[in-house]
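Take the sequence shown: its position 109, counted from the start at 1, is 108 in numbering that gives the first Met the number 0, and no numbers get skipped.
For every residue, glycine included, the Cβ atom is placed at its ideal position computed from N, Cα and C.
Scroll down for the structure; my scribbles are underneath it.
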Amino acid sequence: MKYLAITFLLCFVSFTSFSQNTYFNTKYNALLENLEAENWVKAEKACKELLKYVEPIDSMQTEKMVLRYIYIYTNAGLLNAKKITQKEALKRTEYLQGKDMILPSHPFNSDCYVNCTHISDDDKNTFFSGVNDSKGTQIFSFEYVKIEDGIKETKEELEGKWITLKGTLNEISVEGMMFPRFKLKFINGTYKIGQQ
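Right, here's the structure in full:
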């Protein structure tokens with residue numbers, strides 16, 4: 000599960016530097032450990048507490064955006080572990096609609112649907128990411144990020160590069176009976192490209 004921790008770390012590094020807040024860093028590191036262990040109950044609780052802590056602090060905008068996404072991700076883990084129902088998952092997270100988020104970095108791969116990003120088949124200015132558990136066996140979410148200024152690079156130029164996406168959550172739903180998952184649609188999207 001080190002892959003997941005790296006992608007959440009890249010969220011910070013790609014858009015800004017880490018917080019200098021010792022309390023936050025200690026709690027965030029503990030959250031990452033629970034995510035790595037796929038301990039969804041502890042991860043969801045830790046993320047919820049951190050979100051409550053950072054939301055009123057103006058200087059922690061990046062942390063807020065990353066944690067909002069992680070909160071949805073932890074609830075996706077709970078949903079897939081059958082610890083909560085689809086209705087509960089949506090009820091816990093729908094308040095995040097309209098909020099800005101930074102999504103974890105994924106490699107761009109035109110022929111991939113598991114923990115990777117590619118350009119949506121329906122819109123050449125929208126990135127699609129299929130997000131799964133660490134083994135790639137459980138679907139956590141399908142994510143669409145509409146890039147406000149359009150995607151400038153070709154698929155060939157993006158292939159193999161790490162893409163970090165940021166956007167405003169415009170729609171959130173939970174779908175699928177056999178394999179329940181979140182469907183997230185973001186607007187006002189921006190992206191950063193990193194190397195392999």
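In the structure shown, the three-state DSSP call for GLY166 is strand.
For ILE69, the enclosing alpha helix (DSSP H) stretches over residues 60–79. By the C-beta density criterion, SER172 is exposed, having fewer than 16 other C-beta atoms within 10 angstroms. For the set SER133, LYS63 and ARG180, the Cα lying nearest the Cα of ASN38 is the one of SER133. Contact between the region 85–99 and the region 64–76 is established, with three or more Cβ pairs separated by less than 8 Å.
Measuring C-alpha to C-alpha distances from MET59 to each of ASN114, ALA29, ARG91 and ASN24 identifies ASN24 as the nearest. Excluding residues up to 5 positions away in sequence, LEU77 lie with their Cβ nearer than 6 Å to the Cβ of ILE83 in the same chain. Pairing VAL53 with LEU34 gives a Cβ-Cβ distance that is not under 8 Å. LYS134 carries a coil assignment under DSSP once its states are collapsed to helix, strand and coil. By the 16-neighbour rule on beta-carbons within 10 angstroms, ALA42 is buried.
Around the beta carbon of PRO55, fewer than 16 other beta carbons sit within 10 angstroms, so the residue counts as exposed. The beta carbons of PHE126 and LYS160 sit about 12 Å from each other, so the pair does not count as a contact at 8 Å.
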